[in-house]
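Adding 362 to a residue's 1-based position in the sequence shown gives its number in my numbering.
Worksheet for the structure shown next.
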Amino acid sequence: MPSTSDLVLAPLVRKLEHWHPLDEAERRALLSLPHSTRDLAANQVVIWDGDRPQHTCLLISGFAIRHKLAGNGGRQIMSIHMKGDLVDLQNSLLGSADHNVQMITAGTLALIPVQAIREIAFKYPAIGMAMWYETLVEASIFREWILNIGRRDAFTAVAHLLCEFALRLEVAELGESVNYELPFTQEQLADAASLTSVHVNRTLMRLEEEGHIRRSKRTIQIDDWQKLAKVADFEPRYLHLHRADMPPGIPTTLADREQPTG
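Here's what the structure looks like:
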């Protein structure tokens, strides 16, 4: 059998093993799932609210968002997804989509039939547990984003999102926690933080002026994680990352933020 890294569904195995140990038979079953691939352009819609998807979408490359549209046309971005994410796993059981999924960059999806996802989850309890964990962590991130929108001011909310992206990109091997390319435009970042793009621009400028970040086009450089995490009210427990996956110097508790790490 080809090495895991050479296979289309390898990002799925890697992501699920992050949540729960899998043995060789379970890995082989995942890699053998029926699937087709689809290349999408930036801004192309993957799923519309109200659709009855026949496939679960694994993101092979690129970035996607979940969002909903208000009656007045306003868009609220609920989450961002990256390589290895099953962006609509819940639809495998719910049957119909209650939100939109859209690419924000060009990328590639692997389309896995919904029935195949259901069968493998019940046939292999460890895989089912890993998928369950995946949905629970998504819910945890949703809660944090609600707190961002509802109770944090713009400065704190934008700083918090920058911290989250830094960690998630590093764990997904798509960047470094101290230096990464922001996948969002300022307009998209505004829709994630429930702000205007003008307000986001001013907030990013303030973060830069106060020395919390440095920017070059979309590249974000973080020189002092402790300092940024403190102004961002950021504690990454809600991401449920393993301690071994955490980059050095990342605060995990309020106490960590109050004093330098050794």
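All C-beta atoms in this analysis are idealised placements derived from N, C-alpha and C, irrespective of residue type, glycine included.
Residue i versus residue j - alpha carbon distance
i	j	result
Ala542	Gln583	Note that residue 542 is Tyr in the sequence shown, not Ala. Near 7 Å, if we compare the C-alpha coordinates of Gln583 and Tyr542.
Met363	Leu371	Note that Met363 has pLDDT 48, beneath the 50 cutoff, so the model's placement of it is unreliable and no number is given.
Thr615	Phe527	The predicted position of Thr615 is uncertain, since its pLDDT is 48 and thus under 50; a value taken from the coordinates is nonetheless stated next. When rounded, the distance between both Cα atoms is 18 Å.
Met465	Glu597	28 Å
Ile474	Ile439	25 Å
Ala516	Asp553	12 Å
Leu378	Glu570	36 Å
Ala404	Arg428	14 Å
Pro325	Gln550	Residue 325 falls outside the range modelled here, since the chain spans only 363 to 624, and no answer is possible.
Gln621	Leu524	Per-residue confidence for Gln621 stands at a pLDDT of 47, beneath the threshold of 50, marking its modelled position as unreliable; no derived number is given.
Lys445	Ala534	7 Å
Gln477	Thr418	9 Å
Ser365	Arg389	Because Ser365 sits at a pLDDT of 48, beneath the cut-off of 50, its placement in the model cannot be relied upon, and the point is left open.
Ala391	Met491	15 Å
Glu506	Ser398	34 Å
Closest Cα partner of residue i within the set the options
i	options	result
Ala432	His461, Leu498, Pro487	His461
Ala459	Val449, Ile489, Leu384	Val449
Met567	Asp585, Ala554, Gln548	Gln548
Met493	Leu455, Trp587, Asn434, Thr565	Leu455
Pro373	Leu524, Ile422, Cys525, Val463	Ile422
Val593	Arg514, Gly457, Val562	Arg514
Thr558	Ala519, Gln588, Glu532	Ala519
Asp385	Ile489, Arg400, Leu451, Val408	Ile489
Trp410	Val463, Asp447, Val375	Val463
Ala501	Thr467, Val375, Pro545, Gln452	Gln452
Gln406	Trp587, Thr467, Ala387	Thr467
Nearest-angstrom Cβ-Cβ length linking residue i and residue j, presumed shorter than 8 Å
i	j	result
Gly436	Gly469	That belief does not hold up - the Cβ atoms of Gly436 and Gly469 are roughly 25 Å apart, past 8 Å.
Leu601	Leu536	15 Å between Cβ atoms; not a contact.
Gly457	Arg400	Incorrect: roughly 21 Å between the Cβ atoms, too far for contact.
Which whole runs of the alpha helix (DSSP H) in the region 396 to 466 are 4 residues long or more, in chain order?
-> Within the region 396 to 466, the complete alpha helix (DSSP H) runs of at least 4 residues are 453 to 456.
At least three beta-carbon pairs within less than 8 Å, the region 567 to 585 to the region 483 to 493 | No, because fewer than three Cβ pairs between the region 567 to 585 and the region 483 to 493 fall closer than 8 Å, the two stretches do not touch.
Could I get the ranges of all uninterrupted alpha helix (DSSP H) runs contained in the region 482 to 561, with 4 residues as the minimum, in chain order?
-> Counting only runs that start and end inside the region 482 to 561, the alpha helix (DSSP H) elements of at least 4 residues fall at 487 to 513, 516 to 533, 548 to 555.
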